[in-house]
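Let me begin by presenting the structure, written as structure tokens, before commenting on it.
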Amino acid sequence: MTDPTDIHHWRRLDGRITTSGQPSEEQLERIRDLGVAWVVNLGLHTHEKALPDEAATVTGLGMAYAHIPVDFQNPTPADLAAFYALMDRLEDQTVHVHCIANFRVSAFLYRYRVDRLGWDRSRARLDVDAIWRPDGPWVALIAD
């Protein structure tokens, strides 16, 4: 099966991790068909583009679900620490990480790659820069 590149800001980071903006229920089924075991959502359930009951949809498709709600206007070091802990725990799992537009996710995975995996900052930053230019509170959160 090929990657569902029609999902907003779809990215395949490696053989284990994919990311995107908010997938639809049908797109979640296609993500499952890629062999993804876990879906991690960093978006807020209250956002107008969020699915009505994403947890039930994901688990109904046979995948595990984790939600770390990150306020886009106020991302915190505690949010990032929760993400690190989850990704460390899922290090041997196939994971799809999403939010509404893949902004939160790209920033968090940038920091995860640098801080936890020891990646070079310029290499890790490529996926962020391909999607958006962080501003506001995101500048401080992902500062080198």
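One point on numbering: in numbering that gives the first Met the number 0, the residue at position 29 of the sequence shown is 28, and numbering is uninterrupted. Positions of the beta carbon are idealized from the N, C-alpha and C atoms, including for glycine.
The alpha helix (DSSP H) that contains residue i, what's its start and end?
i: W37; result: W37 -> not in any alpha helix (DSSP H); beta strand (DSSP E) instead, spanning 37-40.
i: A106; result: 102-114
i: V138; result: 136-140
i: V127; result: 120-128
What is the residue span of the beta strand (DSSP E) that residue i lies within?
i: S19; result: 16-19
Going along the chain, which residues of its own chain have a beta-carbon closer than 6 angstroms to the beta-carbon of residue i, five neighbours each way excluded?
i: F102; result: W131
Count the other CB atoms, across all protein chains shown, that sit within 10 Å of the CB of residue i; report buried if there are 16 or more and exposed otherwise.
i: R122; result: exposed
i: A106; result: buried
i: E53; result: buried
Can you name, in chain order, every residue of its own chain whose Cβ lies under 8 angstroms from the Cβ of residue i, other than the five neighbours on each side?
i: E28; result: L60
Looking only at its own chain, which residues have a Cβ that is under 7 angstroms from the Cβ of residue i, when we skip the five neighbours before and after it?
i: A100; result: H7, H8, G20
i: V104; result: T18, L41, V96, H97, C98
Inter-stretch contact at 8 angstroms, needing at least 3 Cβ pairs: the segment 77-84 / the segment 105-116: At 8 angstroms Cβ cutoff, the stretches touch.
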